[in-house]
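Novice: Pasting a structure here, questions to come.
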Amino acid sequence: MKTRRLARTLALGVVALALLAALTLGFAPLHRLVPHQPRTERARALLGDAPIAVAHRGWSAVAPENTLSAFRKAQELGVAFELDVSLCATGEVIVLHDDTLDRTTSGGGPVADATYAAIEQLDAGAWFGLEFSGEVVPTLGEVLSAIDDASLIDIELKTTDQRAALARAVVAELERANRTSGVFVSSFDPFLLEQVRLAEPSIVRAQLLGGFEDADLAWHDKRALQNLLLNGKAQPDMLIVEDTWLSERWQRAMQARGYPVLVWTVNDEARMRALRDRGVDGIISDQPDVALRVLSGG
Numbered sequence: 019m020k021t022r023r024l025a026r027t028l029a030l031g032v033v034a035l036a037l038l039a040a041l042t043l044g045f046a047p048l049h050r051l052v053p054h055q056p057r058t059e060r061a062r063a064l065l066g067d068a069p070i071a072v073a074h075r076g077w078s079a080v081a082p083e084n085t086l087s088a089f090r091k092a093q094e095l096g097v098a099f100e101l102d103v104s105l106c107a108t109g110e111v112i113v114l115h116d117d118t119l120d121r122t123t124s125g126g127g128p129v130a131d132a133t134y135a136a137i138e139q140l141d142a143g144a145w146f147g148l149e150f151s152g153e154v155v156p157t158l159g160e161v162l163s164a165i166d167d168a169s170l171i172d173i174e175l176k177t178t179d180q181r182a183a184l185a186r187a188v189v190a191e192l193e194r195a196n197r198t199s200g201v202f203v204s205s206f207d208p209f210l211l212e213q214v215r216l217a218e219p220s221i222v223r224a225q226l227l228g229g230f231e232d233a234d235l236a237w238h239d240k241r242a243l244q245n246l247l248l249n250g251k252a253q254p255d256m257l258i259v260e261d262t263w264l265s266e267r268w269q270r271a272m273q274a275r276g277y278p279v280l281v282w283t284v285n286d287e288a289r290m291r292a293l294r295d296r297g298v299d300g301i302i303s304d305q306p307d308v309a310l311r312v313l314s315g316g
């Protein structure tokens, strides 16, 4: 996550509110001060028979992450899947997790500086296994064309300075594929979710949350995000929370306010069982086959 960009935006005013509240209330649950109006029925209709298993970047334990192979394997398994999107230099919506091409492709350098013509020539599978050589970096449009609407997709928008451009481009792809009602979008950046809301209010939005231990954010910025102090911007319908940060008390408080609560990223079976028994609404995992079995009562 490009936390410096998010930090600059937070510093424009929300930080002052969070700091004042923190000084007044200490470490009280500041989310009590925030209006909560999730569209619960719409979110739960999308999730279906929760709790659900969600394949993290596709079924990334058996195929290279964020590729059509990984998404097809998740679809064959019968689970929802998550993917990550950002804009390349020529404006296409690219499905890739990192800010750079280095880790998961045969290329290098920032995604934002690369043209689509250059990106589509890269190999996005050989790093994972030679049998995946020739796998390409897909666009969001290609994923929507290849994977039918029987599969629920969580589209995570990566933090960027080009919030409005990315939001509009994602919405345009969803509208082109007639898929605005069969997916949901997620982001750590509430200002980015706001841009999706402004572009197409009907799309279900999920706020990503966590401990932000490695994030380049001041403590009050983290506190503001964790307590949904920017709810007026994002107006999320669901919450997707880091496992190591989520407490049962926080989970139940948010579910009582109408939010489905999903958890990322959980690969330990015993932990999956504990979360299932605690009543979470979904688990995002690199091992979606295990999550599916556990959440189905196995």
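According to the working numbering, the stretch in the sequence shown is residues 19 to 316, in order.
Ideal placement from N, C-alpha and C gives every residue a C-beta, glycine not left out.
Computed from a predicted model, the values in this text were never measured in an experiment.
For Asp-172, which three-state DSSP category applies?
Specialist: Residue 172 sits at position 154 when you count from the first residue of the sequence shown. Note: Asp-172 maps to strand in three-state DSSP.
Novice: Could you spell out the range, first to last residue, of the beta strand (DSSP E) harbouring Leu-119?
Specialist: The sequence position of residue 119 within the sequence shown is 101, counting from 1. It is not in any beta strand (DSSP E) - Leu-119 carries neither H nor E in the DSSP assignment.
Novice: Strictly by DSSP, which residues pair up with Val-97?
Specialist: Taking the first residue of the sequence shown as position 1, residue 97 is located at position 79. Answer by DSSP bridge pairing: none, since Val-97 is not bridged.
Novice: When DSSP builds the beta bridges, which residues end up paired with Trp-282?
Specialist: Position 264 of the sequence shown, counted from the start, is the residue given in the question as residue 282. Paired residues: Glu-260.
Novice: Which same chain residues end up closer than 6 angstroms to Gly-200 when comparing Cβ atoms and leaving out the 5 residues on each side of it in sequence?
Specialist: Position 182 of the sequence shown, counting from 1, holds the residue named residue 200. Here the set comprises Asp-167.
Novice: Are the stretch 297-308 and the stretch 61-81 in contact at 8 angstroms, needing three or more beta carbon pairs?
Specialist: Flag = yes, the stretch 297-308 and the stretch 61-81 touch.
Novice: Taking all protein chains shown into account, do 16 or more other C-beta atoms lie within 10 angstroms of the C-beta of Glu-191, making it buried, or fewer, making it exposed?
Specialist: Locating residue 191 in the sequence shown gives position 173, where the first residue counts as 1. So Glu-191 ends up on the buried side.
Novice: So, helix, strand or coil for Pro-208, using DSSP?
Specialist: As a working mapping, residue 208 is identified with position 190 in the sequence shown. Correct three-state label for Pro-208: helix.
Novice: So does the stretch 139-149 actually touch the stretch 170-179, counting three or more Cβ pairs closer than 8 angstroms?
Specialist: At 8 angstroms Cβ cutoff, the stretches do not touch.
Novice: Measure the beta-carbon distance from Leu-114 to Gly-127 and round it to whole angstroms, keeping in mind my assumption that it falls under 8 angstroms.
Specialist: If you number the sequence shown from 1, residue 114 lands on position 96. If you number the sequence shown from 1, residue 127 lands on position 109. So it is not a contact: roughly 12 angstroms between Cβ atoms.
Novice: What separation, rounded to the nearest whole angstrom, lies between the Cα atoms of Gly-152 and Ala-144?
Specialist: Working through the sequence shown from its first residue, we reach residue 152 at position 134. Working through the sequence shown from its first residue, we reach residue 144 at position 126. Using only the alpha carbons, I get a separation of about 7 angstroms.
Novice: So what's Ala-73 in DSSP terms, helix, strand or just coil?
Specialist: Counting from one through the sequence shown, the residue named residue 73 turns up at place 55. It is a strand residue.
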